[in-house]
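Enquirer:
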Amino acid sequence: DVKVTQSSRYLVKRTGEKVFLECVQDMDHENMFWYRQDPGLGLRLIYFSYDVKMKEKGDIPEGYSVSREKKERFSLILESASTNQTSMYLCASGGGTVYGYTFGSGTRLTVV
Amino acid sequence: ELKVEQNPLFLSMQEGKNYTIYCNYSTTSDRLYWYRQDPGKSLESLFVLLSNGAVKQEGRLMASLDTKARLSTLHITAAVHDLSATYFCAVVSGSGNTPLVFGKGTRLSVIA
C-alpha cells in the first residue's frame, strides 16, 4: 500500500512563526500535492509538484511556499503564520489511472 | 475553470433507506474519484471512475459516471450507521496527472 506520512498530527504555533509541514511518500510518485481543508469550503489546493525542484501554484498559494528537494518529500512552509492559516492540512501523492491519489493523515494546525 | 458541485451537502437518513448523492462538474474530465472522510481523519479512497457508463460497487455503495452529462452519483443502499461520514467527489481537470478538484462534500448521518 502507498503510504503518505505527515510528520505531525497536531501543531500549535504562534503568529509570525515560520512553520514547516513535512510530507513523505514511499511509492516513488512524481506528483505531490498540498491541500487545506476548512469547514464549508472543502479541500482547496495550495501547491503541487510534478518533480523534484518543480512547483506549481494552486488556488490559494498566498502566504505559503513549498520545497521539493527529494522526490519522496514535499514540504509546505508558512513563512509567517497567521491566525487565518489555522486549518487542517492534507498532503497527497500519486495521480494517474493506476495509482490514484493517496492522502496522508493530515496535520491540524492552530495558529494563536 | 473546473468546478465541482455536490448535493446535498447534508443528509440525514434512516437506517435501511436508500439515497443518492450527486456530483456535477463543469468541464471535460477523464477521471472521477469518490472519497470518504471520518471525523478528524484523512480521506479514504472509495472509487475511481474512468469512463462513461462506468459503475463500481462496494458493499452498500455504488458509484456511476455519465461523462456526457458530467454527472456522477453515489448510491447508498439500505443505509447502516457505519456509513455515517463525509463523502467527497473529486475530478481531474483534463487528462494526465493534474490535481484533483473537490466538491464541498456531503455529510451523511445515518440514524436508527
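If you read the protein sequences in the order shown, they are chains A and B. To convert, note that position 66 of the first sequence is 243 in my numbering; the numbers rise steadily by one, no gaps. To convert, note that position 42 of the second sequence is 44 in my numbering; the numbers rise steadily by one, no gaps. All residues carry an ideal CB built from backbone N, CA and C; glycine is no exception.
For R62(B), which residues from the same chain have a beta carbon less than 8 Å from its beta carbon, with the 5 sequence-adjacent residues on both sides left out?
Expert: Around R62(B): I78, T79, A80, A81, V82, L85.
Enquirer: Taking all protein chains shown into account, do 16 or more other C-beta atoms lie within 10 angstroms of the C-beta of A258(A), making it buried, or fewer, making it exposed?
Expert: Counting Cβ neighbours within 10 Å, A258(A) comes out buried, since at least 16 surround it.
Enquirer: State the DSSP-derived secondary structure class of H206(A), mapped to helix, strand or coil.
Expert: Of the three classes helix, strand and coil, the one that applies to H206(A) here is coil, per DSSP.
Enquirer: Using DSSP with H/G/I as helix, E/B as strand and the rest coil, what is D84(B)?
Expert: Here D84(B) sits in helix by DSSP.
Enquirer: Which residues mark the beginning and the end of the beta strand (DSSP E) in which G219(A) is found?
Expert: Residues 219 to 226.
Enquirer: Could you tell me whether the region 22 to 42 of chain B touches the region 57 to 76 of chain B, using the rule of 3 or more Cβ pairs below 8 Å?
Expert: Touching, yes.
Enquirer: Could you tell me how far apart the beta carbons of Y35(B) and G277(A) are, in whole angstroms, since I believe they sit closer than 8 Å?
Expert: 7 Å between Cβ atoms; contact.
Enquirer: Find out if the Cβ-Cβ distance for the pair L4(B), T30(B) is shorter than 7 Å.
Expert: Cβ atoms of L4(B) and T30(B): not closer than 7 Å.
Enquirer: Can you tell me whether Y284(A) is buried or exposed? The criterion is at least 16 other CB atoms within 10 Å of its CB, across all chains shown.
Expert: Correcting the residue identity first, residue 284(A) is Thr in this sequence and not Tyr. Buried is the call here.
Enquirer: Would you give the residue range spanned by the beta strand (DSSP E) that P65(B) belongs to?
Expert: First, the residue type needs correcting, since residue 65(B) is Ala and not Pro in the sequence shown. It spans 63 to 68 - the beta strand (DSSP E) in which A65(B) sits, taken as one unbroken run.
Enquirer: Contact criterion: CB-CB distance below 7 Å. Does G277(A) meet it with respect to chain B?
Expert: Judged by the 7 Å Cβ criterion, G277(A) is in contact with chain B.
Enquirer: State the CB to CB distance for the pair S282(A) and Q183(A), rounded to an integer number of angstroms; the pair is presumed to be in contact (CB under 8 Å).
Expert: Sure, about 6 Å apart at Cβ, within 8 Å.
Enquirer: In chain order, what residues of the same chain lie with their CB nearer than 8 Å to the CB of P238(A), ignoring the 5 residues before and after it?
Expert: Around P238(A): I223, Y224.
Enquirer: Given this structure, state the Cα-to-Cα distance separating L198(A) from I254(A), to the nearest angstrom.
Expert: C-alpha separation (whole angstroms): 6 Å.
Enquirer: Taking only three categories from DSSP, how would you classify T260(A)?
Expert: T260(A): helix per DSSP, three-state reduction.
Enquirer: Since V6(B) sits in a beta bridge, which residues does DSSP pair it with?
Expert: Y27(B), per the DSSP bridge assignment.
Enquirer: What residue range is occupied by the uninterrupted beta strand (DSSP E) comprising K43(B)?
Expert: No beta strand (DSSP E) contains K43(B), which DSSP labels as neither H nor E.
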